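For reference, the structure discussed in these notes is given below.
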Amino acid sequence: AALPGPAPADWAQAPLDPAVRAVLVGFDEHFSYAKLCQALRYLLRGGPDCLLVGTNRDHRLPLEGGTAIPGTGCLVKAVETAAQREAFIVGKPNRYMFDCVASEFDIDPARTIMVGDRLDTDILMGNSCGLTTLLTLTGVTTLDEVKGHQESDCPTRQSLVPDYYVDSIADLLPALGD
Amino acid sequence: SGMASCRRLSGAGLREVLGSAEGLLFDCDGVLWAGESAVPGAPELLERLRRSGKAALFVSNNSRRSVAELERRFSRLGFRGVRAEHVFSSALCSALFLRQRLLGEAGNGDNGGGRVFVLGGEGLRGEVRGAGLRLAGEGEPLPGAGEPVRAVLVGYDDQFTFAKLAQACGYLRDPQCLLVATDPDPWHPLSDGQRTPGTGSLTAAVETASGRKAVVVGKPNTYMFDCIVERFGVDPSRTLMVGDRLETDILFGKNCGLSTILTLTGVSRLEEAQAYMASDSAAAKDLVPNYYVDSIADLIPGLDE
């Protein structure tokens, strides 16, 4: 619904939908201060009875040509900061999506491989969920980054290190029978 | 010295504390006024301070208004004798900070220091221009054809959009481009008890997207106090900080070596100060005020007739 008036004091008078029980923050290229205001109003009205959920925390979405645009994580952070509370994050590296897959299909983590190109989402989730992790180098991560984590003393960085890597997932073909 | 003890300021203690002070620094929102109404007795307090020969200066994290607008606001709400030069807003001090960093001591020759991309309203933009800096426009394609953008300034921006966030991040890919925020406040109270998001929430978005940490000009950081000392030469040991927000005003006072008075007409509740006092954390102790009053009108009896 359109917000009355040009200023936050006006927006704060707009009626709130009594049925709203969750604020969900996803990728929103039309994100604005006015929407942030409304999110804050619902969260304050509902307190712990209003969920705050974020689809993921990615900082940046890479575009072709090496540039990037802000990711959903930025918008989640804005809402969390204003509301002074933490969002439940659905996406990788959190395990919720793995739990969804595992509950729908009979997955044995010990016999499942997670394939991804990002250490802090794909590989971290795979490692946290007890999967074998395989990094492919066709995306954002370089081998040098992995080596840096491998050589560090920090356990958090160690959890970003995959079990295996390939230059591309096409490299998996020879292992599969004709 | 040990932890502050959050004592109610009244009677003989009040006369002693005010008697030995040369001046007071006041936060504005929630201290002098709430919305469009002065706190009852606040204009009289300032008048009595003037007559007692004590200085009153103002230090506000609110980056919406220029100090010229604030001077008019003081007058409109019934406060006499407050001039723009007495008012240190985060908008003004951010502009001064950027002037120092971009134009430097001796100016920057033909380079002119570069441009500033401001996420904020006209009050903030005016202070930046007033400091001799040029602004980058919204919606300019990158890389810009004009002078390089040497700083992104995040302030209170009720017209903040994803597009502006993306534009800011484009400039911040240059590691030489500064990221500055006017203040860290996560939200501000509205007159009906609701809250509106603050600069802190917008800064969090820019920091997350750019991978950079902002330099925050406003309270509780001490830069605004440096600006005050440079202009008026106050002695921290003879100056009191009066504010309503523990995490900004009281911590600012602690960081600048000022004794602090919490007034209860604004954001923070007495219970919160007491909780900080009871906490085991060293950081929490710094948020405990030396004194508190229900309203700054309660300071009036501490001054001579």
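Those protein sequences? They're chains Z and S, same order as listed.
Quick note on full-length UniProt numbering: the first sequence kicks off at 1 and runs consecutively.
Quick note on full-length UniProt numbering: the second sequence kicks off at 1 and runs consecutively.
Glycine included, every Cβ here is placed at the ideal spot set by N, Cα and C.
Computed from a predicted structure; not experimentally measured.
**Study point:** Interface residues of chain S facing cysteine 50(Z) [CB-CB closer than 7 Å]
**Key:** In chain order: nothing, as chain S lies at least about 14 Å away.
Point to revise | Proximity winner among Ser66(S), Phe97(S), Leu264(S) and Pro175(S), relative to glutamate 85(S) (alpha-carbon distances) | key: Ser66(S)
Review point. Is there contact here, the region 77 to 97 of chain S with the region 173 to 184 of chain S, by at least three beta-carbon pairs under 8 Å?
Key: yes
**Study point:** Continuous beta strand (DSSP E) stretch holding glycine 243(S): start and end
**Key:** 239 to 243
Check your understanding: Where does alanine 34(Z) sit, in a helix, a strand or coil, going by DSSP?
Key -> helix
Check your understanding: Cβ of proline 62(Z) less than 8 Å from any chain S Cβ?
Key -> no
Point to revise | Cutoff 8 Å: glutamine 194(S) Cβ touching any chain Z Cβ | key: yes
Review point. Any heavy atom of the ligand SAM closer than 7 Å to the CB of aspartate 144(Z)?
Key: Looking for the ligand SAM in the displayed structure turns up nothing, as the structure carries no ligands at all.
Check your understanding: CB leucine 44(Z) to CB valine 23(Z), shorter than 8 Å?
Key -> no
Check your understanding: Is the Cβ-Cβ distance between cysteine 28(S) and valine 217(S) less than 8 Å?
Key -> no
Point to revise | Unbroken alpha helix (DSSP H) run spanning phenylalanine 74(S), endpoints | key: 67 to 76
Check your understanding: So is threonine 156(Z) buried or exposed if we call it buried at 16+ other beta carbons inside 10 Å?
Key -> exposed
Practice item. Can you pull the chain S residues whose beta carbon is under 7 Å from the beta carbon of glycine 73(Z), in chain order? Key: Thr208
Review point. So is glutamate 80(Z) buried or exposed if we call it buried at 16+ other beta carbons inside 10 Å?
Key: buried
Practice item. For chain Z, find out if any of its Cβ atoms is closer than 8 Å to the Cβ of threonine 161(S); answer yes or no. Key: yes
Check your understanding: Of all the CB atoms in chain Z, is at least one closer than 8 Å to the CB of proline 148(S)?
Key -> no
**Study point:** Cβ-Cβ distance between tyrosine 171(S) and phenylalanine 117(S) below 8 Å
**Key:** yes
Review point. Taking Cβ-Cβ distances below 9 Å as the criterion, which residues of the region 76 to 101 of chain Z are in contact with chain S?
Key: Val76, Lys77, Ala78, Val79, Glu80, Thr81, Ala82, Ala83 and Gln84
**Study point:** Bounding residues of the alpha helix (DSSP H) (the contiguous stretch that carries histidine 149(Z))
**Key:** 143 to 151
Practice item. Consult DSSP for methionine 277(S) and reduce its assignment to one of helix, strand or coil. Key: helix
Exercise for review: At 7 Å on the CB atoms, spell out the chain Z contacts of cysteine 169(S), in chain order.
Suggested key: Pro70
Review point. With DSSP run on the structure shown, which of helix, strand or coil describes isoleucine 261(S)?
Key: strand
Review point. Bridge partners of phenylalanine 27(Z), per DSSP?
Key: Answer is none; phenylalanine 27(Z) lacks a bridge partner.
Exercise for review: Compute the beta-carbon to beta-carbon distance between alanine 278(S) and leucine 262(S), rounded to the nearest angstrom, for a pair I have assumed lies under 8 Å.
Suggested key: In fact, because the Cβ distance is near 16 Å, the residues do not count as touching under 8 Å.
Exercise for review: Could you list which residues in chain Z have their beta carbon closer than 7 Å to that of serine 201(S), in chain order?
Suggested key: Leu36, Ala78, Thr81 and Ala82
**Study point:** Rounded distance between the beta-carbons of threonine 141(Z) and aspartate 108(Z), thought under 8 Å
**Key:** So it is not a contact: roughly 27 Å between Cβ atoms.
Review point. Can you name, in chain order, every residue of its own chain whose Cβ lies under 8 Å from the Cβ of leucine 63(Z), other than the five neighbours on each side?
Key: Ile69
Review point. If you draw a straight line from the C-alpha of arginine 76(S) to the C-alpha of leucine 303(S), how long is it?
Key: 25 Å
**Study point:** Residue interval of the alpha helix (DSSP H) (run including proline 155(Z))
**Key:** 155 to 158
Point to revise | Closest Cα partner of alanine 163(S) within the set Asn255(S), Ala209(S) and Leu9(S) | key: Ala209(S)
Check your understanding: Where do the N-terminal and C-terminal ends of the alpha helix (DSSP H) with methionine 114(Z) fall, by residue?
Key -> Careful: methionine 114(Z) lies outside any alpha helix (DSSP H), inside the beta strand (DSSP E) at 113 to 116.
Review point. Taking the alpha carbon of leucine 124(S) as the point to measure from, which residue in Asn62(S), Pro148(S), Gly104(S) and Arg150(S) has its own alpha carbon closest?
Key: Asn62(S)
Review point. Interface residues of chain S around glutamate 29(Z) at Cβ under 7 Å?
Key: Phe162
Exercise for review: May I ask you to report which of helix, strand or coil DSSP gives arginine 7(S)?
Suggested key: strand
Exercise for review: Would you give the residue range spanned by the beta strand (DSSP E) that residue 195(Z) belongs to?
Suggested key: For chain Z, the structure presents residues 1 to 178; residue 195(Z) sits outside this window and is missing.
Review point. In chain order, what residues of the same chain have a beta carbon less than 6 Å from the beta carbon of valine 215(S), not counting five sequence neighbours either side?
Key: Val180
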